[in-house]
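Sequential numbering from 8 applies to the sequence shown in the working numbering.
For every residue, glycine included, the Cβ atom is placed at its ideal position computed from N, Cα and C.
Predicted model only: the values in this text are computed from it and were never measured.
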Amino acid sequence: MRGPKKYGILYKEEWGADGVEKRRYWGIRSKIILCTVLCVVAVGLGSSLYLYQSMQRVISDKIAQIDQLNAGTIAARLDDCLAQVQTLQAYCSSSGRVSSALNQTPGTPRAVAAALGTQNAINVYLRTSSIDSYINRLLVFNEEGVYVSAVTVYDGSLRDLSNLLDSEQFRDWKEFGPSGFRRLYPSLNPHRADCFALFVPVYGYASNRLGYVYIELSPKIITDVLAPYNDLNLFFVQTAEGDRLTTGGALPLVEAVPAQAAQGDEFTYGDVVYALQNHALDVQDLVLSSCINQTQLQAANHDILFSAVTVILMIVLIAVFILSLLTHYITTPIRRITEKINRIAMNDYSFDPELERPRSEMGEIGARLNELGLGFQQLLSETIALHDERARIEMDLLQSQVNPHFLYNTLNSVHWMAVVQKNTGIEKLVKSLVNLLRNISKGVSDKIPLEEELALLDDYVSIQSIRYMGSFEYVCTVPQELRQYKIIKFTLQPLVENAIFHGIVPKGSFGTITVDAFEEEEMLVLTITDDGVGMTDGQAHAALQPGDKPDQASMTGIGLGNVNRRLKLAYGKRAGVRIESVAGAYTKVYVRVNQEA
């Protein structure tokens, strides 16, 4: 015998009576939890990797887009500022006042007046320009000594003209031509930072060179534009000669950029990896560059991955918790069902209300299992009762048994005496009785064709007709095509006998007994109708109950109740006997059996 089972979270163990482990297997709850966790982990990891890569691409693309957008904005503002510088150059080089001042002889009153007029005109123009604060010096001069200085960021001195003529930027301009924004030069003011030095020649009406316009431009015109955009990515502007312009705090990082770094190259500064991006400007000799913090980007990606893994772990834990609760509502009913089956195997068919408590399919299964147990119990009780009744019937048959050969031989002798004496009534009576006794002695549980059952019924009716002096008429209207179906022997005889004894005889007048048959719902239905005294509903119900002892006047000792029970045992619940009767009018008995050819 198997011992108790241990229901674990992961597996179940079963032990024998001797304490030796018999088998170990995974339970339904464990399998559901394990499969669900594996699915959640697999889907979660796949989703996390996909999400990580997708978010990495999205963040990289967004940073690139932001960088491109900021670079475009910076480039537009730089181009606008530098375009105003070029406009200032064009104004100064094409102004009539500037040409007039440069045509004057230095030191003359006319030269002084022209210089003042030129200075005022340039000052007025600068005051209306947005780049006024970035013009360190603006000089109009020639090598003959004409010198006009506009009011700019810092004041000049009398030595400015000589310093300019001896300056590096003037020599480079005369030797190599306009330098534009190729590089930074030392300011005329030694206390100022390096600057852009812009020279523009001024020509007269005869295309002769009258002099020059010198504009000393502060690098702040570029760095002030870059400052608001250095929070996300670091921007700087690089000249053709390698000068790099940016805000003061970012200068060490800008200086760490390799001199030959190209678009997309990465470099390291202070354990941080940056990627270089270049953006073209409309102004020649200047390039706008940005440094994208790749380390910060990777850290953000790692944070995303960590968040995704954390979410997955939380989902797994929540799923395990929820599944534990859900599977509890599955495994507990299953355990009860298993215990109920084990009790049934041990012949315990008692009703267990706990099986039907769950309001789910498990409760339905438990209810059906309870019905099955009660059905087994009822069937077992009926089987025991049937066995006891069979034993009692066999005992009664043994007690009343007569040697059939002696009875047949005696009746045959009577029969032949009636033949010799030409007494046809006695001959017919004895012949019918011999046929009935022969079939009774062979048993009453065999199935015979309906044709033979009706022949036995004819013999019985012949005997009763003589006994009751023709007080009733027997009519058989069973269709010929239904007579091949088989029926249990002596099914109709007790019913006709009941019609005679309890219907026709108590009536005290002539009556009719009719036997008919028809098909209904794949069943064979036989009817026995008499116009006797009839019966009440209570009498009809009592007639169908099996009697304890057979009627002493009955030929076979089989009553209506026993016929009904025999048919149900042989054919099932659809078969049996039903009585339709009206007291004082008639009685009609319906017999339903399966159609068996």
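Beta-carbon proximity check, alanine 506 vs threonine 594, cutoff 8 Å: Contact: yes.
Less than 8 Å between the C-beta atoms of valine 147 and leucine 109, yes or no? In this structure, valine 147 places its C-beta atom within 8 Å of the C-beta atom of leucine 109.
In the DSSP assignment, find the unbroken alpha helix (DSSP H) run with asparagine 240 in it and report its ends. Taken as a continuous stretch (DSSP letters only), asparagine 240 belongs to no alpha helix (DSSP H), as it is neither H nor E.
Three-way DSSP call (helix, strand, coil) for threonine 530 in this model: It is methionine, not threonine, that sits at residue 530 in the sequence shown. Looking at methionine 530 - three-state DSSP - the assignment turns out to be strand.
Output the boundary residues of the beta strand (DSSP E) element that contains arginine 144. Arginine 144 -> beta strand (DSSP E) spans 142-148.
Using the DSSP secondary-structure output, state which residues sit across from alanine 287 in a beta bridge. Alanine 287 pairs with Val294.
Got a sec, what are the start and stop residues for the beta strand (DSSP E) isoleucine 511 sits in? No beta strand (DSSP E) holds isoleucine 511; DSSP gives it neither H nor E.
Would you decide whether methionine 321 is buried or exposed? Buried here means 16 or more other CB atoms lie within 10 Å of its CB. Methionine 321 comes out exposed.
For threonine 94, the residue or residues it bridges with in DSSP: Answer is none; threonine 94 lacks a bridge partner.
Quick one: using the 10 Å Cβ neighbour count with 16 as the cut-off for buried, is asparagine 237 buried or exposed? With 16 or more Cβ atoms within 10 Å of its Cβ, asparagine 237 is classed as buried.
Use the C-beta contact count for serine 516: other C-beta atoms within 10 angstroms, 16 or more gives buried, fewer gives exposed. Exposed: under 16 other Cβ atoms inside 10 Å.
Taking C-beta to C-beta, are isoleucine 470 and leucine 440 nearer than 8 Å? The answer is yes: Cβ separation under 8 Å.
Closest Cβ-Cβ distance between threonine 125 and chain C: below 8 Å? Here chain C cannot be found, since the structure has a single protein chain.
I'd like to check one pair, valine 600 with isoleucine 494: are the Cβ atoms closer than 8 Å? Yes. Within cutoff.
Tell me proline 208's beta-bridge partners as DSSP assigns them. Per DSSP, Tyr219.
Compute the distance between the beta-carbons of leucine 304 and isoleucine 66, then report whether it is under 8 Å. With respect to isoleucine 66, leucine 304 sits close: the two C-beta atoms are nearer than 8 Å.
Can you give me the C-alpha to C-alpha distance between glutamate 488 and glycine 545, rounded to a whole angstrom? In this structure, the straight-line span from the alpha carbon of glutamate 488 to that of glycine 545 is close to 36 Å.
Buried or exposed: where does leucine 576 fall if 16 or more other Cβ atoms within 10 Å of its Cβ makes it buried? That one is exposed.
Pick helix, strand or coil for leucine 551, following the three-state DSSP scheme. Of the three classes helix, strand and coil, the one that applies to leucine 551 here is coil, per DSSP.
Burial state of isoleucine 81, where buried means 16 or more other Cβ atoms lie within 10 Å: It is buried - the Cβ of isoleucine 81 has at least 16 other Cβ atoms within 10 Å.
Distance between tyrosine 467 and leucine 444 (C-alpha atoms, nearest Å): If you draw a straight line from the Cα of leucine 444 to the Cα of tyrosine 467, it is about 10 Å long.
In whole angstroms, what is the alpha-carbon distance linking glycine 256 and glycine 124? If I take the Cα positions, the gap works out to 43 Å.
Buried or exposed for arginine 397, please, with buried defined as at least 16 other CB atoms from any protein chain shown within 10 angstroms of its CB. Here arginine 397 is exposed. Its C-beta has fewer than 16 other C-beta atoms within 10 Å.
Check for me: the alpha helix (DSSP H) holding asparagine 110 runs from which residue to which? That run of the alpha helix (DSSP H) goes 103-110.
Thinking just about the alpha-carbon of each residue, which of Val327, Leu387, Asp173 and Ser367 is nearest to the one in isoleucine 351? Nearest C-alpha to isoleucine 351: Leu387.
Can you grab the Cα-Cα spacing for the pair alanine 590 / tyrosine 597, in whole Å? Between alanine 590 and tyrosine 597, the C-alpha separation is close to 17 Å.
Range of the contiguous beta strand (DSSP E) that encloses glutamate 458: Unbroken run through glutamate 458 is the alpha helix (DSSP H), 457-474; no beta strand (DSSP E).
I'd like to check one pair, lysine 347 with leucine 376: are the Cβ atoms closer than 8 Å? The Cβ atoms of leucine 376 and lysine 347 lie closer than 8 Å to each other.
Alpha carbon to alpha carbon, what distance is there between glycine 184 and glutamine 291? Rounded to the nearest angstrom, the two C-alpha atoms are 15 Å apart.
Specify, as a first and last residue, the run of the beta strand (DSSP E) that serine 156 falls within. Serine 156 -> beta strand (DSSP E) spans 154-156.
Three or more C-beta pairs under 8 Å: does that hold for the segment 117-133 against the segment 239-253? Counting Cβ pairs under 8 Å, fewer than three are found: no touch.
Would you identify the three-state DSSP class for phenylalanine 479, choosing helix, strand or coil? Phenylalanine 479 carries a strand assignment under DSSP once its states are collapsed to helix, strand and coil.
Give the straight-line distance between the Cα atoms of alanine 306 and lysine 181, rounded to the nearest whole angstrom. Near 53 Å, if we compare the C-alpha coordinates of lysine 181 and alanine 306.
6 Å Cβ shell around tyrosine 276 - same chain, five flanking residues per side excluded: Close CB contacts of tyrosine 276 within its chain, under the 6 Å cut and outside five residues either way in sequence, are with Leu260 and Ala263 (chain order).
For glycine 541 and serine 588, which I take to be in contact (beta-carbon distance under 8 Å), what is that distance rounded to the nearest angstrom? Sure, about 5 Å apart at Cβ, within 8 Å.
Using only CA atoms, which one of Leu567, Pro513, Val570 and Glu528 lies nearest to alanine 592? Of the candidates Leu567, Pro513, Val570 and Glu528, the one whose C-alpha sits nearest the C-alpha of alanine 592 is Pro513.
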